[in-house]
Structures are given as structure tokens and as C-alpha cells.
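Numbering (our numbering), first residue to last: 1 to 412.
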Ligand SMILES: Nc1ncnc2c1ncn2[C@@H]1O[C@H](COP(=O)(O)OP(=O)(O)OP(=O)(O)O)[C@@H](O)[C@H]1O
Ligand SMILES: [Mg+2]
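Here it is, written out as C-alpha cells:
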């Protein structure tokens, strides 16, 4: 059954966010439902507990449906985790028709040849991104269809993931009673909702710093040059604080969000005394802003240095004209822009999702970049005539049964 709205599900390591949306005025995405809960069952972007992840999905979507009494049947879901790999590959074909005009089939065949030699049986292609075409000796061609030539070469960027990891996500979606319309790479969705076309053209280094992973994309001349996923994120900062201050994780998370700063030199108030609360809810000690920053700064610096190494190794670092764009929850950490500028030695901006209407202002938050990008991707896919859902069958009985069971377990 097809819904008249799109449901996007950002299955993140820290939080799971379901967004319901439809096409609004001026081609913008109108958000009509938001469900947002802490994730249970994922580690570093990958499913590690099927049952917990399934329950997380059910609860997030239910929350988004409730205010307008909507019912979602199928989902667009992100895929993440360090099993994701991006590779550059190429494939060439001879132009067979008599007058040597390049047809749509020739373009498709050149991409097929490029893909064929590049993927092992344990991996699945998640995204195929054409970079440029070469017609005979002419390179950097974006649309070869209709041109004349003897040989067409496609240069593509291929994103692949482990089949098992993708199947685990699919199992959780169907276990929650939903159909799956499509999967999309999380960081790609995030970049699509945040970056502007000029940034992609003049070159941008995009970083989505989440809870469990830091995902990067290098854009140049409007195309993706590299994608990387690192298994480090904001949750490592929370853990460092918990160990350093001997407080429970929930308390260190609160301290990080309320008082945390990742650049000690920005701290002006050296007198503020922050109470530390133990697992029994009792104040057992005090700390200052500088002591918190002393723990946070090295970890954030490490995240930036690891990503900078990726950029430097790529040989594109001197060509990044627009600078660095940060998004994801950890980009909200005070001082992230300033520390980023110090380390990358280029301008840094905090990226928020664009081209949306409806709902409260709270949705213009870097935490929602992936979910909004997924929603926009879903709306585009629905419009494409060739869109075929991965598995369209939802199971309303499963959803009904689980909802009732949860309601009863909440009562008793
Ligand atoms: N105001 C804030 N200040 C500092 N850190 C914050 C703030 N808000 C959220 N975070 C941190 O951001 C992280 C969560 O970000 P996000 O929601 O983008 O991650 P995720 O998508 O769930 O995880 P991932 O993308 O790694 O799978 C957590 O570590 C959280 O502590
Ligand atoms: Mg994320």
C-alpha cells in the first residue's frame, strides 16, 4: 500500500528520527510529523541487536504518526557504519550504432561495465554516482547522450556496503511491520539536505559528526570525489567525560551539552562551579568549565585530525574553495567551528537542513540533517517513474499487535 506522504527513518547510533513529509510550496519539503527517540540496538552505525532496533523503529514512527493520526506503511531508511566503502571505477564501451551517436543505452552500458568488475559477492551497491564521461579523448563531460564518438568511458563513484549489515536493517524494518521503499547512504542524504550547489561546485569538505561515527564527503566540481566513515563520534567525548569526572554516562552527556566547549581558549568564565551528580542523584563534587574543556578538546581535536588526514591524502585539499561544512549532533558542541578553523586552516560553517517548511523551528537543527535529506530523497524517488520499492509489503497486523502489547506493558 502506498502512502500519500513519505516516511524517512534516520537510524542513528545515538538517536532514531522518523519524519513524515510531502511536497510543499516552491518545491520545498513540508514536514507533517516528527518522532525522535534515543536509539537502542546500534553500535557505530551498525545493528548489533535486532530486537532492540526493531522496537526503536516502531516507537520512533509511532511518535511521528500520532499528532495527525497518520499511518505509515513503507519507509526510506539510511544505511551507515564503517562497513561502507567508496571506490572510483571506470568502464568503457564502443559506440555500436552506424552514425556513432551516443544513446542512453550506451551510457547505461558503460556504467554497467564499470560496476561489473568492482563489487564482490559479499557486498551490495548502495549508490552509483557518475563523475564524468570521456568521449574518445574529450574528458570532463557531464551528459554524453546525443554526442558523437567511437568510444565512451564512464568514471563513476561506487558506494558499497556489506550485504549482511544491510540485511540486518531490512530484518528490523520488516519485523516492525513496515515495507521498505529504499535505502540511502546516511551521509549522502545529510549532505544533500545541507550543502548548496555552489559549495559542491567550488569544493567542500563535508563532515557529519554523529554519536558513533564521523562521516566525510569531498565534493569538487559538483561531484563526489571520496566518502569515508570513521568509527568515532560525540559518544566518545561523553565516555571520556564519564571516565575523567567519574560520573554516570547520562550525567556526562548532560554536562557536555550544557557546559561543554571543545576549545579551552574560548572560556571566559573561570569562576563558574558546576555540580557533579552521582548515580544516586546526589551532588558529590564540583568542576569548572576549563576542566571540562580539558577533557573534551583532545578528543574533538583527534576527530578533526583524523578527517584532515583523509582530506590531505586525497590530494584535493588545496582545491577546497568553500571550506569545511560540519553537521550532525556533535557540530553543536561549543567551539566546534573555531577549533575546526584552527585545525583545517580554512573557513568552517555549521550546516543545517535546508528547503523545508512546516513544523517548528526545532527541525532546522544539524541533528536532523540526515532525516531531512532522506525525506527529500524519498520525495524524488517517488516522482521517478522507474522507482521500485525494495519490499513494498507492510504488515498492519504485526504493527497493531505490537502497539497493543506496548500499551498494556506501559500500564502494568
Ligand atoms: N547541544 C549539543 N552539544 C554537544 N553535543 C551534542 C549536542 N546535541 C547533541 N550532541 C551530541 O551529538 C551526538 C548525536 O548526534 P547525531 O544525532 O547526529 O548522531 P546519530 O545520527 O545518532 O549517530 P551516527 O550518525 O554516528 O550513527 C551525541 O554524541 C550527542 O551527545
Ligand atoms: Mg547520523
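Glycine included, every Cβ here is placed at the ideal spot set by N, Cα and C.
Closer than 7 Å: residue i CB and nearest ligand 2 heavy atom
| i | result |
| --- | --- |
| residue 208 | yes |
| residue 53 | no |
| residue 49 | no |
| residue 370 | yes |
| residue 3 | no |
| residue 186 | yes |
| residue 136 | no |
| residue 415 | Shown here, the chain extends from 1 to 412; a query on residue 415 therefore has no answer. |
| residue 106 | no |
| residue 278 | no |
| residue 10 | yes |
Neighbour-count burial assignment, residue i, 16 or more Cβ in a 10 Å radius
| i | result |
| --- | --- |
| residue 401 | exposed |
| residue 416 | Lying before the first or after the last residue shown, residue 416 is absent from the chain, which here runs from 1 to 412. |
| residue 196 | exposed |
| residue 200 | buried |
| residue 78 | buried |
| residue 344 | buried |
| residue 83 | buried |
| residue 181 | buried |
| residue 61 | buried |
| residue 160 | buried |
| residue 66 | exposed |
| residue 154 | buried |
| residue 388 | exposed |
| residue 121 | exposed |
| residue 300 | buried |
| residue 228 | buried |
| residue 105 | exposed |
| residue 235 | buried |
| residue 184 | buried |
| residue 374 | buried |
| residue 309 | exposed |
| residue 392 | exposed |
| residue 428 | Residue 428 lies beyond the residue range present for the chain, which begins at 1 and ends at 412; the question has no answer from this structure. |
| residue 208 | buried |
Supposed close pair residue i, residue j - CB separation, criterion 8 Å
| i | j | result |
| --- | --- | --- |
| residue 34 | residue 19 | 6 Å |
| residue 129 | residue 115 | The pair is not a contact, with the Cβ atoms about 12 Å apart (cut-off 8 Å). |
| residue 24 | residue 357 | 5 Å |
| residue 203 | residue 377 | With a Cβ gap of about 23 Å, residue 203 and residue 377 do not count as contacting. |
| residue 14 | residue 193 | In fact, because the Cβ distance is near 18 Å, the residues do not count as touching under 8 Å. |
| residue 41 | residue 52 | 3 Å |
| residue 349 | residue 372 | Actually they are not in contact, since the Cβ atoms of residue 349 and residue 372 sit about 17 Å apart, beyond 8 Å. |
| residue 73 | residue 179 | 6 Å |
| residue 76 | residue 8 | 5 Å |
| residue 251 | residue 290 | Going by Cβ atoms, the distance from residue 251 to residue 290 rounds to 19 Å, so no, they are not a contact pair. |
| residue 366 | residue 328 | 6 Å |
| residue 89 | residue 118 | 4 Å |
| residue 135 | residue 102 | 7 Å |
| residue 450 | residue 86 | Not covered by the structure: residue 450. The range shown for the chain is 1 to 412. |
| residue 56 | residue 39 | 5 Å |
>> Report the start-end ranges of each beta strand (DSSP E) in the stretch 311 to 358 that is 3 residues or longer and not cut off at the edges.
In response: 323 to 327, 348 to 350
> Which residues have a Cβ closer than 5 Å to any heavy atom of ligand 1, listed in chain order?
Replying inline: 12, 13, 14, 15, 45, 210, 211, 212, 213, 233, 234, 235, 257, 328, 329, 330, 332, 333, 367
> Can you list, in chain order, the stretches of the beta strand (DSSP E) that have 3 or more residues and sit fully within the stretch 28 to 82?
Replying inline: 29 to 38, 74 to 79
> Which runs of the beta strand (DSSP E), 3 residues or longer, sit entirely within the stretch 210 to 289?
Replying inline: 214 to 220, 223 to 230, 274 to 277, 283 to 287
>> List, from N- to C-terminal side, the beta strand (DSSP E) runs of 3 residues or more that fit wholly inside the stretch 134 to 206.
In response: 138 to 141, 151 to 162, 179 to 185
> Which ranges does the alpha helix (DSSP H) cover as unbroken runs of at least 4 residues, wholly within the stretch 361 to 396, from first to last along the chain?
Replying inline: 369 to 383
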